[in-house]
């Protein structure tokens with residue numbers, strides 16, 4: 120410690136947030152097989168700190184304090200067994216050091232910990248997906264010392280943060296002559312491989328070549344007298360130090376694209392796919408956009424950070440510019456570098472800018488093209504993508520009407536054709552298998568795949584060999600309010616009344632159905648009277664084969680599934696009485712027809728309750744249903 124960087128005040132001992140303790144323990148025991156990622160994470164953080172200073176200095180140039188050449192430096196001391204990563208970026212105040220280095224203030228934390236299994240390999244993948252940043256230091260270090268001063272503060276307002284990763288850390292005010300941050304790792308026994316200039320350079324070139332700032336190490340020369348490499352006072356740049364997205368695609372390897380993704384997304388996994396383009400015309404910008412393999416923890420968190428990194432003329436502007444992509448593509452990560460936007464652009468300006476609208480539209484189309492290519496040429500990879508992000512893409516049918524047809528082609532569903540819960544059937548697949556004379560795409564919505572697949576409404580369709588799409592995602596009902604047809608074929612719910620089944624029946628069947636409807640009129644009237652206000656209507660149906668009855672609603676009413684969803688969310692749904700449809704050929708219906716007076720009323724209630732249960736509804740009087748059933752079984 121130099122005189123200029125001495126400790127000014129007694130240190131204060133504070134405790135880590137509980138989640139930090141848990142994460143540190145997991146990292147040390149789960150990521151030991153990939154220790155070198157600590158260097159990638161710390162250099163990435165240092166680069167981000169420099170980017171943030173460059174952005175703040177647009178309005179406050181005095182923050183540069185005559186030191187405008189931003190860089191990251193890596194040093195090692197073999198005798199002291201330390202590695203130091205330093206930068207001259209934005210730096211930390213005391214409060215920022217306590218907040219940023221002692222807590223995890225990001226959405227998705229609770230879900231992350233709930234998904235941990237205790238299996239080191241699986242947990243390592245989750246930790247990588249969650250992102251570890253600064254805490255990766257403790258993979259190789261048994262003590263970490265951070266010295267920092269925020270740009271704009273006096274030299275006396277530096278801060279020193281130190282911890283052994285066991286549950287507590289100390290903070291003290293120090294004298295620090297220059298702005299920025301240095302992180303010194305005191306290596307654990309057995310990690311001496313990193314006390315080598317050759318090893319550190321190898322790791323930096325692999326993981327940090329894409330970083331636009333120079334990453335520097337002291338130049339080393341061979342000392343013949345000592346028979347070893349010795350460090351000089353000269354600094355040399357180890358990486359290419361040019362923004363990866365500005366290079367020609369032919370000059371960038373897949374590995375470099377993958378490492379850049381890990382840098383910007385703070386993800387350990389490789390991306391599923393990416394697209395890199397320079398757009399010229401009314402708006403000029405470069406886009407490097409990635410589709411991850413795994414959904415982020417905060418995908419469904421309304422307050423979660425999302426969006427891509429925005430640069431203007433290679434100057435970093437903001438981390439999560441959600442205005443540059445529609446919300447249904449919120450899983451996309453990457454960089455957009457505009458040549459037209461002002462350097463002092465704000466989120467308010469982004470919302471109103473015509474240039475941003477052009478970037479948003481162009482970027483959405485580029486991502487859709489990438490997904491179309493995956494769907495057409497790499498079916499297995501697209502299946503992976505759909506499992507992770509399918510529900511989000513479905514939102515696009517309502518959010519992006521200009522691209523609705525393209526999005527519709529990307530949709531995948533479970534179906535009676537595959538008899539599998541996997542959503543693998545496209546609308547084009549369905550249309551290609553439609554029966555001669557079939558004019559509609561049939562679907563059913565339910566709370567679960569099992570409820571949809573076992574619905575009585577499917578019976579006639581299975582008998583006729585007609586495919587039905589089985590929809591059980593929460594977003595499906597909302598999607599269907601915007602997606603009404605595909606390639607001229609209407610989407611029709613099999614669970615709504617008024618379903619025109621004439622196209623499914625031959626002339627003999629139509630004649631038989633007409634005769635049955637006529638013969639059943641007295642029973643229908645008795646059931647209508649017995650059930651009274653509980654139903655809107657009772658009628659004979661041809662949609663049932665094995666079940667005695669089912670309930671449906673009119674075509675212009677909310678489906679029972681959607682009504683239950685709204686009620687569960689605390690929203691009011693318009694009242695709609697069910698329509699009871701009976702199967703004229705079922706033995707139970709014949710048995711009810713023979714019942715008299717009070718027994719008939721009990722059977723009518725039982726028939727309705729059974730149909731409601733089969734549809735997925737909760738009975739208002741479950742105890743009464745059990746009593747009636749027991750009474751009729753014994754009687």
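Numbering (my numbering), first residue to last: 120 to 754. Ideal Cβ placement from N, Cα and C applies to all residues, glycine included. If you're wondering where the values come from, they're calculated on a predicted model, not measured in any experiment.
Worksheet item: What's the C-alpha gap between residue 601 and residue 474?
Response: For the purposes of this step, residue 601 is taken as the residue at position 482 of the chain shown. For the purposes of this step, residue 474 is taken as the residue at position 355 of the chain shown. The alpha-carbon atoms of residue 601 and residue 474 are separated by roughly 28 Å.
Item to complete: Quick one: grab the DSSP three-state call for residue 731.
Response: Taking the chain shown and counting its residues from 1, one reaches residue 731 at position 612. Reduced to three states, the DSSP call for residue 731 is helix.
Worksheet item: Do the CB positions of residue 727 and residue 707 come within less than 8 Å of each other?
Response: The count along the chain shown starts at 1 and reaches residue 727 at position 608. The count along the chain shown starts at 1 and reaches residue 707 at position 588. No.
Worksheet item: Out of curiosity, what's the CA-to-CA distance linking residue 493 and residue 412?
Response: Within the chain shown, numbered from 1, the residue matching residue 493 stands at position 374. Within the chain shown, numbered from 1, the residue matching residue 412 stands at position 293. Their Cα atoms are separated by approximately 13 Å.
Worksheet item: Got a sec: is the Cβ-Cβ distance from residue 284 to anything in chain C below 8 Å?
Response: Among the chains in the structure shown there is no chain C, since it carries only a single protein chain.
Worksheet item: Going by C-alpha distance, which of 281, 397, 697, 396 is nearest residue 652?
Response: On the chain shown, position 533 is the one that residue 652 refers to. Looking at the Cα atoms, 697 is the closest of the given residues.
Worksheet item: So what's residue 305 in DSSP terms, helix, strand or just coil?
Response: Translated into the one-based positions of the chain shown, residue 305 becomes position 186. Note: residue 305 maps to strand in three-state DSSP.
Practice prompt. For residue 131, collect the residues of the same chain with a Cβ closer than 6 Å to its Cβ; drop the 5 residues on either side in sequence, then sort them by chain order.
Written response: As a first step, residue 131 is located in the chain shown; it is residue number 12 there, counting from the start. Counting only Cβ-Cβ distances below 6 Å, and skipping sequence neighbours, we find 290.
Worksheet item: Taking C-alpha atoms, which residue in 664, 546, 507, 526 lies nearest to residue 581?
Response: To locate residue 581, count along the chain shown from 1; it is residue 462. It is 664.
Worksheet item: Taking the beta strand (DSSP E) that residue 540 falls in, what are its first and last residues?
Response: Within the chain shown, the letter at position 421 stands for residue 540. Where residue 540 is concerned, the enclosing beta strand (DSSP E) stretches over 539-544.
Item to complete: Starting from the C-beta of residue 442, find all residues in its chain whose C-beta is less than 8 Å away, skip the five residues before and the five after it, and write them out in chain order.
Response: As a position in the chain shown, residue 442 is number 323, starting the count at 1. Only 426, 466, 469, 470, 475, 479 meet the Cβ criterion.
Practice prompt. Please confirm whether residue 527 and residue 605 have their CB atoms less than 8 Å apart.
Written response: Locating residue 527 in the chain shown gives position 408, where the first residue counts as 1. Locating residue 605 in the chain shown gives position 486, where the first residue counts as 1. Yes; because the gap between Cβ atoms is below 8 Å, this pair is in contact.
Worksheet item: In three-state terms, what does DSSP make of residue 282?
Response: Start at 1 with the first residue of the chain shown, and residue 282 comes out as number 163. In the structure shown, residue 282 sits in a strand (DSSP, three-state: E or B).
Worksheet item: For the 8 Å Cβ check, are there 3 or more pairs between the segment 351-361 and the segment 319-334?
Response: yes
Item to complete: For residue 556, count neighbouring C-beta atoms within 10 Å of its own C-beta (all shown protein chains included) and say buried if the count is 16 or more, exposed if not.
Response: Looking up residue 556 in the chain shown gives position 437. It is exposed - the Cβ of residue 556 has fewer than 16 other Cβ atoms within 10 Å.
Discussion item. If you reduce the DSSP assignment to three classes, tell me which class residue 124 lands in.
Written reply: Taking the first residue of the chain shown as 1, we reach residue 124 at position 5. Below a pLDDT of 50, predicted positions are generally treated as unreliable, and residue 124, at 48, falls in that range; the measurement from the model is reported next regardless. Reduced to three states, the DSSP call for residue 124 is helix.
Practice prompt. Helix, strand or coil for residue 395, going by three-state DSSP, please let me know.
Written response: Position 276 of the chain shown, counting from 1, holds the residue named residue 395. In the structure shown, residue 395 sits in a strand (DSSP, three-state: E or B).
Worksheet entry | Residue range of the unbroken alpha helix (DSSP H) whose run includes residue 162 | By 1-based counting over the chain shown, the position of residue 162 is 43. Run containing residue 162: 156-178, per the alpha helix (DSSP H) assignment.
Worksheet item: Beta carbon of residue 253, beta carbon of residue 220: below 8 Å?
Response: The residue you call residue 253 lines up with position 134 of the chain shown. The residue you call residue 220 lines up with position 101 of the chain shown. Yes, the Cβ-Cβ distance between residue 253 and residue 220 is below 8 Å.
Fill in: Within 8 Å, strictly: CB atoms of residue 631 and residue 668
Counting from 1 along the chain shown, the entry for residue 631 is found at position 512. Counting from 1 along the chain shown, the entry for residue 668 is found at position 549. Their beta carbons are not under 8 Å apart, which means residue 631 does not touch residue 668 by this criterion.
Practice prompt. Ignore the nearest five residues each way along the sequence and tell me which others in residue 375's own chain have a CB closer than 8 Å to its CB.
Written response: Numbered from 1 along the chain shown, position 256 holds the residue referred to as residue 375. Correct list, in chain order: 328, 329, 363.
Discussion item. For residue 247, which residues in the same chain have their Cβ closer than 7 Å to its Cβ, ignoring the five residues on either side in sequence?
Written reply: What you label residue 247 is simply residue 128 of the chain shown in a count that begins at 1. Confidence at residue 247 is low in this model, with a pLDDT of 47, below 50, so the placement of that residue is unreliable and no value is reported for it.
Worksheet entry | Local conformation of residue 435 per DSSP, three classes | Within the chain shown, the letter at position 316 stands for residue 435. If DSSP states are grouped into helix, strand and coil, residue 435 belongs with the strands.
Practice prompt. Return the first residue and the last residue of the beta strand (DSSP E) that residue 457 is part of.
Written response: Counting from one through the chain shown, the residue named residue 457 turns up at place 338. From DSSP, the beta strand (DSSP E) with residue 457 extends over 452-457.
Worksheet entry | CB-CB length for residue 566 against residue 539, believed under 8 Å | Along the chain shown, read from residue 1 onward, the residue named residue 566 stands at position 447. Along the chain shown, read from residue 1 onward, the residue named residue 539 stands at position 420. The Cβ separation is near 18 Å, so there is no contact.
Worksheet item: According to the Cβ coordinates, are residue 299 and residue 206 closer than 8 Å?
Response: Along the chain shown, one-based indexing puts residue 299 at 180. Along the chain shown, one-based indexing puts residue 206 at 87. The answer is yes: Cβ separation under 8 Å.
Worksheet item: Under the rule that 16 or more other beta-carbon atoms within 10 Å means buried, what is residue 284, buried or exposed?
Response: Residue numbering aside, residue 284 sits at position 165 when the chain shown is read from its first letter. The residue is buried, with at least 16 neighbouring Cβ atoms inside 10 Å.
Discussion item. So, with DSSP's three-state summary, where would you put residue 675?
Written reply: Within the chain shown, residue 675 is the residue found at index 556, counting from 1. Residue 675 falls in the coil class under three-state DSSP.
Item to complete: Reducing DSSP to helix, strand and coil, say where residue 532 ends up.
Response: Locating residue 532 in the chain shown gives position 413, where the first residue counts as 1. Residue state, collapsed to three classes: strand.
Discussion item. Distance check for residue 452 and residue 508, CA to CA, integer angstroms please.
Written reply: The sequence position of residue 508 within the chain shown is 389, counting from 1. The sequence position of residue 452 within the chain shown is 333, counting from 1. In a straight line, the C-alpha of residue 508 is about 13 Å away from that of residue 452.
Discussion item. Which runs of the beta strand (DSSP E) at least 3 residues long sit entirely within the segment 288-349? Give them in chain order.
Written reply: 299-306, 334-342
Practice prompt. May I have the straight-line CA-CA distance separating residue 262 from residue 297, to the nearest angstrom?
Written response: By one-based count along the chain shown, residue 262 stands at place 143. By one-based count along the chain shown, residue 297 stands at place 178. For residue 262 and residue 297, the distance between alpha carbons rounds to 23 Å.
Practice prompt. Within the same chain, show all residues whose beta-carbon is closer than 7 Å to that of residue 721, passing over the 5 residues directly before and after it, in chain order.
Written response: Working through the chain shown from its first residue, we reach residue 721 at position 602. Here the set comprises 747, 750, 751.
Practice prompt. Classify residue 603 as buried or exposed, calling it buried when 16 or more other Cβ atoms lie within 10 Å of its own Cβ.
Written response: Sequence index remark: in the chain shown, residue 603 carries index 484 (1-based). Exposed is the call here.
Worksheet entry | Under 8 Å between C-beta atoms of residue 629 and residue 674 | What you label residue 629 is simply residue 510 of the chain shown in a count that begins at 1. What you label residue 674 is simply residue 555 of the chain shown in a count that begins at 1. Not a contact, by the Cβ cut-off of 8 Å.
Fill in: Nearest-angstrom Cβ-Cβ length linking residue 503 and residue 529, presumed shorter than 8 Å
By one-based count along the chain shown, residue 503 stands at place 384. By one-based count along the chain shown, residue 529 stands at place 410. The pair is not a contact, with the Cβ atoms about 14 Å apart (cut-off 8 Å).
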